[in-house]
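A quick write-up on the structure given underneath.
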Ligand SMILES: Cc1cc2nc3c(=O)[nH]c(=O)nc-3n(C[C@H](O)[C@H](O)[C@H](O)COP(=O)(O)OP(=O)(O)OC[C@H]3O[C@@H](n4cnc5c(N)ncnc54)[C@H](O)[C@@H]3O)c2cc1C
Ligand SMILES: NC(=O)C1=CC=CN([C@@H]2O[C@H](COP(=O)(O)OP(=O)(O)OC[C@H]3O[C@@H](n4cnc5c(N)ncnc54)[C@H](O)[C@@H]3O)[C@@H](O)[C@H]2O)C1
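Residue numbers (UniProt numbering): 1 to 331.
Here it is in structure tokens:
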């Protein structure tokens with residue numbers, strides 16, 4: 001019997017592992033606490049259109065990732081994003097041309113992970129709280145106390161602080177994962193019925209509570225009206241203001257935006273704030289993936305590498321590769 005492999009987390013890392021394992025003829029079952037796939041590549045549907053509140057774009061440097069990105073582009077799941085890119089230093093805005101290729105899901109970032117999910121078996125709105133090994137197989141318990149299984153192996157593909165809590169079966173692994181700190185990011189979306197009078201479409205920011213801002217209508221496939229923007233605070237500012245009320249976060253980041261954008265910024269006609277508690281690892285690692293292969297427990301995620309979409313995909317591939325390698329050696 002092909003006992004399925006449980007994958008906890010259906011962000012880019014979990015989906016990447018799922019694809020590699022199904023391509024090798026194995027069965028997988030994904031679990032995610034959210035109502036859909038994508039994790040930090042999520043897009044929020046709102047009255048002003050879809051808003052990419054997490055990952056803004058991604059780059060591809062590793063040659064394997066470059067190849068898969070090309071396939072995704074040929075499938076129509078991705079487009080290149082070529083914003084009028086600026087930088088802001090000490091309040092000075094300047095054009096920041098570069099030759100970097102940047103990709104986005106179309107018509108929203110989450111379309112990519114939705115396409116990757118395809119027909120893969122997945123259980124959503126299911127927060128896994130316990131992962132334990134019986135005599136022969138693995139079992140999962142969710143927040144409602146329901147048990148899921150049996151599974152031949154388990155891949156944990158969630159942010160490190162959430163993964164550590166699921167690894168009590170492998171204390172050494174749990175300790176390594178628990179040592180990874182992840183930083184928060186406040187994201188704010190603003191919508192203006194009358195478009196702002198600025199050529200800026202994306203901006204890397206320094207010396208401000210803001211770290212990044214992007215104009216949605218510059219992204220292929222997005223609605224052009226109203227004029228919506230996504231602002232990301234720095235992790236330092238987000239940490240200091242972690243418990244601030246969303247309305248106050250919106251106001252403070254709107255003021256920071258108005259200060260640097262160089263045009264009149266009226267009250268927003270639409271606004272929302274989203275707090276990412278585990279947005280990015282505090283430090284990059286070179287782990288690719290972690291495992292207790294004899295137990296059959298694997299861990300992956302962006303935080304094992306660069307804290308970027310590319311790192312998440314590579315980490316999922318590596319977890320799957322190690323699982324398949326161990327399986328082959330023991331068959
Ligand atoms: C604000 C922000 C901006 C970013 N900008 C960029 C960018 O411009 N470019 C770039 O390359 N990267 C960017 N990133 C990083 C990028 O989004 C991540 O590297 C990547 O999406 C991580 O994928 P992942 O699969 O490792 O984790 P995630 O996407 O976090 O997926 C983990 C999944 O696990 C689920 N989960 C967690 N715990 C449990 C549990 N107990 N039970 C069940 N499910 C669980 C979650 O719901 C989630 O769906 C950004 C991230 C943020 C937050
Ligand atoms: N906010 C968060 O939580 C984030 C979590 C994880 C990643 N985040 C940001 O994503 C991008 C992705 O980095 P990348 O894939 O290496 O893209 P990049 O465009 O090459 O940027 C790398 C880095 O270089 C600086 N930079 C790049 N281009 C310019 C430019 N034209 N002008 C000025 N500066 C530039 C910039 O500092 C980038 O950080 C990356 O932005 C992560 O911060 C967010």
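Don't be surprised by glycine CBs; every beta carbon is placed ideally from N, CA and C.
Remember, it's a predicted structure, so these values are computed and weren't measured experimentally.
What's the gap between the Cα of residue i and the Cα of residue j?
{"i": "residue 165", "j": "residue 174", "result": "8 Å"}
{"i": "residue 20", "j": "residue 158", "result": "18 Å"}
{"i": "residue 138", "j": "residue 36", "result": "24 Å"}
{"i": "residue 200", "j": "residue 125", "result": "38 Å"}
{"i": "residue 179", "j": "residue 13", "result": "20 Å"}
{"i": "residue 5", "j": "residue 132", "result": "14 Å"}
{"i": "residue 80", "j": "residue 103", "result": "5 Å"}
{"i": "residue 27", "j": "residue 92", "result": "54 Å"}
{"i": "residue 217", "j": "residue 189", "result": "13 Å"}
{"i": "residue 282", "j": "residue 181", "result": "6 Å"}
{"i": "residue 329", "j": "residue 294", "result": "11 Å"}
{"i": "residue 279", "j": "residue 136", "result": "36 Å"}
{"i": "residue 43", "j": "residue 53", "result": "6 Å"}
{"i": "residue 32", "j": "residue 309", "result": "18 Å"}
{"i": "residue 239", "j": "residue 331", "result": "48 Å"}
{"i": "residue 266", "j": "residue 198", "result": "13 Å"}
{"i": "residue 66", "j": "residue 101", "result": "11 Å"}
{"i": "residue 169", "j": "residue 292", "result": "10 Å"}
If you measure from the CB of residue i, is any heavy atom of ligand 1 nearer than 6 Å?
{"i": "residue 55", "result": "yes"}
{"i": "residue 276", "result": "yes"}
{"i": "residue 131", "result": "no"}
{"i": "residue 185", "result": "yes"}
{"i": "residue 66", "result": "no"}
{"i": "residue 11", "result": "yes"}
{"i": "residue 62", "result": "no"}
{"i": "residue 70", "result": "no"}
May I ask whether a heavy atom of ligand 2 can be found less than 6 Å away from the beta carbon of residue i?
{"i": "residue 52", "result": "no"}
{"i": "residue 113", "result": "no"}
{"i": "residue 333", "result": "Residue 333 lies beyond the residue range present for the chain, which begins at 1 and ends at 331; the question has no answer from this structure."}
{"i": "residue 391", "result": "Any question about residue 391 goes unanswered here, given that the chain covers just 1 to 331."}
{"i": "residue 85", "result": "yes"}
{"i": "residue 98", "result": "yes"}
{"i": "residue 103", "result": "no"}
{"i": "residue 326", "result": "no"}
{"i": "residue 280", "result": "yes"}
{"i": "residue 232", "result": "yes"}
{"i": "residue 257", "result": "no"}
{"i": "residue 59", "result": "yes"}
At which residues does the beta strand (DSSP E) containing residue i begin and terminate?
{"i": "residue 190", "result": "182–192"}
{"i": "residue 129", "result": "128–133"}
{"i": "residue 212", "result": "210–215"}
{"i": "residue 105", "result": "103–105"}
How far does the alpha helix (DSSP H) with residue i in it reach, from first residue to last?
{"i": "residue 64", "result": "63–74"}
{"i": "residue 317", "result": "309–329"}
{"i": "residue 79", "result": "From DSSP, residue 79 is part of no alpha helix (DSSP H) but of the beta strand (DSSP E) over 78–80."}
{"i": "residue 260", "result": "246–261"}
{"i": "residue 177", "result": "171–178"}
{"i": "residue 111", "result": "110–117"}
Per DSSP, which residues does residue i bridge with? Please list them.
{"i": "residue 8", "result": "31, 156"}
{"i": "residue 44", "result": "51"}
{"i": "residue 332", "result": "Since the first residue of the chain shown is 1 and the last is 331, residue 332 is not available in this structure."}
{"i": "residue 291", "result": "298"}
{"i": "residue 147", "result": "141"}
{"i": "residue 237", "result": "In the DSSP output, where bridge partners are listed per residue, residue 237 has none listed."}
{"i": "residue 274", "result": "187"}
{"i": "residue 122", "result": "30"}
{"i": "residue 228", "result": "191"}
{"i": "residue 281", "result": "182"}
For chain C, is any of its Cβ atoms less than 7 Å away from the one on residue i?
{"i": "residue 293", "result": "In the structure shown, chain C does not exist; there is a single protein chain."}
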